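Per the working numbering, the very first residue in the sequence shown carries number 1256; after that it's consecutive.
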Amino acid sequence: MPALPHILGISAYYHDAAAALLRGGNILAAAQEERFSRRKND
1256 MPALPHILGI SAYYHDAAAA LLRGGNILAA AQEERFSRRK ND
């Protein structure tokens, strides 16, 4: 059985930057920049 690919989705260059890691269509992790900077709509 072939290994499932990991997909990294990145939304940047805008005020609501975020990233998500998927494997086989399942979300493994997701985060928004404002969670780390503690500034709303960062």
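The beta-carbon is built from N, C-alpha and C at its ideal position, and this holds for glycine as well. Quick caveat, the model's predicted, so the values are computed rather than measured.
Tell me which residue opens and which closes the beta strand (DSSP E) that residue i is part of.
i     : result
H1261 : H1261 to S1266
A1285 : N1281 to Q1287
Would you mind working out which of the options sits nearest residue i, comparing C-alpha positions?
i     : options                : result
Q1287 : N1281, A1275 and G1280 : A1275
Under 8 Å by Cβ, that's how I've got residue i and residue j pegged, so tell me the actual separation to the nearest angstrom.
i     : j     : result
L1263 : G1279 : Their Cβ separation, rounded to whole angstroms, is 14 Å, which puts L1263 and G1279 out of contact at 8 Å.
A1285 : A1273 : 7 Å
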